[in-house]
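Chemist: The structure is given below, and queries will be raised subsequently.
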Amino acid sequence: MKTLTLLLVAAFSINNCICVDRNNFKTCDQSGFCKRLRPLKPEKSQYTLNLDSVFVHGNVLSAEVITVNNNGEKKNVEWHYALRLSALVDGTFRVEIDEAEPLYPRYRSMVALDGEPKGDILKLISNENGKLTLKNSQGHKVIITAEPLKFEFLDKNGEPAVVLNDNAQLFVEPLKVRNGDGEETDIEGSLAENFKSHHDSKPRGNEAVSIDVAFPDADQAYGIPEHTDGFHLKTTTSGEPYRLYNLDVFEYELDSRMAIYGSIPVMYAHGPKRSVGVFWHNSAETWIDVVNYGEGNVVSSLVNLVTGGQKRRVDARFMSESGVVDIFVLMGDAPSDVYRQYSTLTGVTPLPPKFSLAYHQSRWNYVDEADVRSVDEGFDSHDIPLDVIWLDIEYTDNRKYFTWHPIKFAHPAEMVGNLTAKGRKMVVIIDPHIKREAGYFFHEDCTEQGLYIKNKDGNDYEGWCWPGSSSYPDFHNPAAFKYFAERYRFENFPGTNKDVHIWNDMNEPSVFNGPEITMPKDNRHYKPSQDGQDGLASFWEHRHIHNEYGVWHIMATHQGMLDRSNGQYRPFILSRAVYSGTQRYAAVWTGDNMAEWGFLLASISMCLSLASAGVSFCGSDVGGFFKYPEAELMTRWYQAAAFQPFMRAHSHIETKRREPWLYDATTTSRLRDAVRRRYALLDLWYTLFYEHTLDRVPVMRPLLTHYPKEEQTYTIDDTYLLGDKLLIRPVVEPGVSSVKVYLPGRDSHTVWYDVDSFQRHEANGYFTQEVTISKIPVYQRGGSIIPRKERVRRSSALMEDDPYTLVVTLDINNTATGTLYIDDGETYDFKSNKFIYAKITYEQTAMKYIITNSGNYPTRSWLERIVIAGIKSPPKSAKLIQDGKSTALQMTIHRGNDVLVVRKPAALMAKAWEIQFSY
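Numbering (mature numbering (1 follows the signal peptide of the UniProt record, and there is no 0)), first residue to last: -19 to -1, 1 to 900.
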């Protein structure tokens, strides 16, 4: 298989430059439905609401929508559609439009939503002049114009915030019976479609859907990951639309709207007035056009010329190959509101096991057990902490998953045990392609039990991936889902235990010899049988479910990992494919990047976009997957990754080895420092992820999240926040001695403190920050308290009972607040209230540690030190009050930077305490 790898690399390499072969991937003009729908720009919508059919009950309006022929006579109705408008909790609406009596059911995504959305109240308050006006419990109104059909969603001030079908681009292609003689005319690939040597039979014919969305008063739009062209979305009128279609793009390009591994169809729009959003609930191939009227492009310039001024508005159009119109409108109105509304629908990242927030070391591939032992010992001998070693595909027996190589990994249990003795874990890869080899139990069972995805003829689909000839489990089939999940049981996967976790890669799905390096769209998936359904109604096509296939894969893995420990331990899973709902089961990384400065910069905007779309647990291959990072780039990447949610070094099989100690001693020291910085802040990371499960706001946040009125923040994607406490500006340029940093919060008189020097900065927009190769700009917000553990050990598990340092940075009122979450780091016992969630407050006269939950956790951690920055008038004395006892404390003042250090309070973190200051 190494030969196959080299051939693939050679096929995409020109003069040692690895590049995307664009010929392998479709443009809009090569995608039949996109070519067919994109030019359609009617002056008037063909859809009309039948006012006589309107019925409102509870939180739902139901009605009939019709289309008429060109002469406008309603007696010549062409098609009937069923409309549902639902009011949901948290200021969200849902609009669904489906054929009233489709030829056979149209597919609706099955995995994106985290349960059935909860209803609100929907009141019809007027029905006059061809318009309906409705209202939810929060004061948002919806105005539905009957002819032509249009939906206007008004904010609480009565101003339009989101408008659907304002540009008359709502379109639902009705399913039609094909002529038996096959003489029906094929219009733009409606009956069949070819791409290169691949033929798509399209047995159902046309079934595309589209809708346009207008965002009045918006300056920028965000979301719809995964793309590489930055955090804020660009106008697409002069090029390709954004594409959402999960693909294995070999070395993806930067500054591109091409589809790559992930497809999350949620879009937000923001301006000084409000934040709003829409979630296009569709798992088929989707193209999205965007027009930002404030960008100064040709289209916006013409509009502004006609309207006589600069128009603040963003328009978008969603076009999908199949499914129904199913769109959620998120009414905001702050950025945190729309993030929360989307996560309420699709779920949050559950509290991960603590080790997964630490440092991970990976490579394709550590070649044998001796190699793993050498890497493990190398981290110890060079005093670099490590929590996880990863194994790529070569650990298996000839790339057959749930097996070990009989020679290179002959003693897996012993190998894992050597790691776990140090508090470390192992992650192994399990991909969805299954080797078609006689005698391989997985293949034999799937063949015998009919668990594979079928081709268009109803036979097991056979594609080509790393093992060679491969087939793919059909996770839509409950039997296949159950079978795959059961493979993770310890008795079925000998050598594994609770400390072996899983990497699900190549799950777009990747098929090397398939159309666009993926699976044919006319492949067949299981569909539950219903009375009277046969033929096309008896299965789903891959075109319907493509973008959610990876979620089914990780769902089965997640279930299997829960079952193997009887639900006791939290799984860690990493997925490459991404769709709405992925965050409930797995972390995500940005795929096969390159050791280039541009990819380091892109890691920030890509993770910001994913975080805003619900996927908080994101990172990139540290150092780049392809090529070799020289010392400066590697240093800057480690420094940046230390402040991103998922930190894993990973590299291609053909690259030079790059464990941290293989660089020169000075560079190794800098990489060590970056990793140690990560470990010192693990309890901050852990607390932020816990709070994400409560408030549903991303862990890694764009600046506009907390500073929505500051227009300069709207296009910043090289700087971000962790929670509302740290501001990070990685150095992403070579050879620089200074960088520009934007410090937000001018109107609120926010102050920021350099985390290394405690130098105080007033928020005043951009300023120039000097940097050295050992430093990136990181600032703590004044008014915050951050927990640290300064005794960094070789793994996070060994730091469990170590003492805390609390870093307090004062705001203009000389106050600060913070939080701390503590539990056992790996089980679900926290659901039985076995945890500590504490609120920490500082005022001039007292600092308090209050446990807010009624449960308890018997942590042995204690308080070693308190650092208070920005203190102008230090107290004369301090005493600790805990368990009714009073203890005098020692303090040191550093007058050069106004820092007070309270030394060894020795307060127990398992109980409440208070420190009183006297002046």
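C-beta atoms are modelled at their ideal positions from N, C-alpha and C, and glycine is treated no differently.
Since P768 sits in a beta bridge, which residues does DSSP pair it with?
Modeler: P768 pairs with L787.
Chemist: Give the secondary structure of A576 by DSSP, where H, G and I count as helix, E and B as strand, and everything else as coil.
Modeler: DSSP places A576 in coil when its eight states are reduced to three.
Chemist: Under 7 Å between the Cβ atoms of T29 and E128?
Modeler: The answer is yes: Cβ separation under 7 Å.
Chemist: Alpha carbon to alpha carbon, what distance is there between E611 and W578?
Modeler: If I take the Cα positions, the gap works out to 11 Å.
Chemist: DSSP beta-bridge partners for N108?
Modeler: Per DSSP, L113.
Chemist: Let me know if L643 comes out buried or exposed under the rule of 16 or more other beta-carbons within 10 Å of its beta-carbon.
Modeler: Exposed is the call here.
Chemist: What separation, rounded to the nearest whole angstrom, lies between the Cα atoms of I205 and E82?
Modeler: Near 31 Å, if we compare the C-alpha coordinates of E82 and I205.
Chemist: Identify the continuous beta strand (DSSP E) that holds P316 and give its terminal residues.
Modeler: P316 -> not in any beta strand (DSSP E); alpha helix (DSSP H) instead, spanning P316 to T327.
Chemist: Using CA coordinates, which residue listed in E45, L151 and V41 is at the minimum distance from D33?
Modeler: Measuring from the Cα of D33, the nearest candidate turns out to be E45.
Chemist: Using only alpha-carbon positions, find the residue among K254, K157, L156 and G277 that is nearest to K215.
Modeler: The residue with the shortest Cα to Cα distance from K215 is G277.
Chemist: Just the Cα atoms here: how many angstroms apart are S669 and A594?
Modeler: At residue 669 the sequence reads Leu, which differs from the Ser that was named. Distance between the alpha carbons of L669 and A594: 17 Å.
Chemist: Starting from the Cα of L103, find the closest Cα among I78, Y667 and S67 and give me that residue.
Modeler: For L103, the nearest C-alpha among the options comes from S67.
Chemist: Please return the same chain residues whose Cβ sits closer than 6 Å to the Cβ of T288, not counting the five positions on each side in sequence.
Modeler: Only weak support is given to the placement of T288: the predicted model assigns it a pLDDT of 47, under 50, and the value that follows is read from those uncertain coordinates. Cβ within range, chain order: n/a, list empty.
Chemist: Excluding sequence positions up to five away, which residues of its chain have a Cβ less than 6 Å from the Cβ of L113?
Modeler: Excluding residues within five positions, the ones whose Cβ falls inside 6 Å are I125.
Chemist: Taking buried to mean at least 16 other C-beta atoms within 10 Å of its own C-beta, is C446 buried or exposed?
Modeler: Flag for C446 reads buried.
Chemist: So, I78 versus Y62, is the Cβ gap smaller than 7 Å?
Modeler: Contact: yes.
Chemist: Going by beta-carbon coordinates alone, are I269 and S561 separated by less than 7 Å?
Modeler: The answer is no: Cβ separation not under 7 Å.
Chemist: Could you tell me if S718 is buried or exposed, where buried requires 16 or more neighbouring beta carbons within 10 angstroms of its beta carbon?
Modeler: That one is exposed.
Chemist: So, helix, strand or coil for E375, using DSSP?
Modeler: Correct three-state label for E375: helix.
Chemist: Are the stretch 654 to 663 and the stretch 691 to 698 touching by the rule of at least three beta carbon pairs closer than 8 Å?
Modeler: Cβ pair count under 8 Å is below three, so no.
Chemist: Does the Cβ of I168 have 16 or more other Cβ atoms within 10 Å, making it buried, or fewer, making it exposed?
Modeler: At I168, the pLDDT of 49 sits below 50, so the modelled position is not reliable and the matter cannot be decided from this model.
Chemist: Candidates M542, S178, F176 and F132: which alpha carbon is nearest D193's?
Modeler: Considering only alpha carbons, the answer is F132.
Chemist: Per DSSP, what are the beta-bridge partners of residue 903 in this structure?
Modeler: Residue 903 is absent from the structure shown; the chain starts at -19 and stops at 900.
Chemist: Please report the distance separating the alpha-carbon of N175 from that of K706.
Modeler: C-alpha separation (whole angstroms): 52 Å.
Chemist: Note down the Cα distance separating D426 from H534, rounded to an integer number of angstroms.
Modeler: Rounded to whole angstroms, D426 to H534 spans 18 Å at the Cα level.
Chemist: Which runs of the beta strand (DSSP E) fall wholly inside the stretch 150 to 215 and span at least 3 residues, in chain order?
Modeler: Those beta strand (DSSP E) runs which fall completely within the stretch 150 to 215 and span 3+ residues are 174 to 176, 179 to 181, 190 to 197 and 201 to 204.
Chemist: Tell me which residue opens and which closes the beta strand (DSSP E) that W484 is part of.
Modeler: Where W484 is concerned, the enclosing beta strand (DSSP E) stretches over V481 to N485.
Chemist: Can you name the start and end residues of the beta strand (DSSP E) that I817 belongs to?
Modeler: Where I817 is concerned, the enclosing beta strand (DSSP E) stretches over I817 to E824.
Chemist: In whole angstroms, give me the CA-to-CA distance for A391 and T377.
Modeler: Cα-Cα distance, rounded: 10 Å.
Chemist: Could you tell me which of K892, P333, P886 and A93 sits nearest to N834, measuring between CA atoms?
Modeler: Comparing Cα-Cα distances from N834 to each of K892, P333, P886 and A93, the minimum goes to K892.
Chemist: On the DSSP bridge list, what partners appear for C427?
Modeler: Per DSSP, none; premise fails for C427.
Chemist: Please list, in chain order, all residues of the same chain as K435 whose beta carbon is under 7 Å from its beta carbon, the five residues on each side excluded.
Modeler: Contacts found: D441, Y442, N504 and R505.
Chemist: Is the stretch 815 to 835 close to the stretch 880 to 898, with three or more CB pairs under 8 Å?
Modeler: They touch, by the three-pair rule.
Chemist: Classify I125 as helix, strand or coil using the three-state DSSP reduction.
Modeler: I125 falls in the strand class under three-state DSSP.
Chemist: For S556 and N485, what's the separation of their Cα atoms in angstroms?
Modeler: Using only the alpha carbons, I get a separation of about 5 Å.
Chemist: Given a cut-off of 7 Å, decide if D373 and R405 are closer than it, judged by their beta-carbon atoms.
Modeler: Contact: no.
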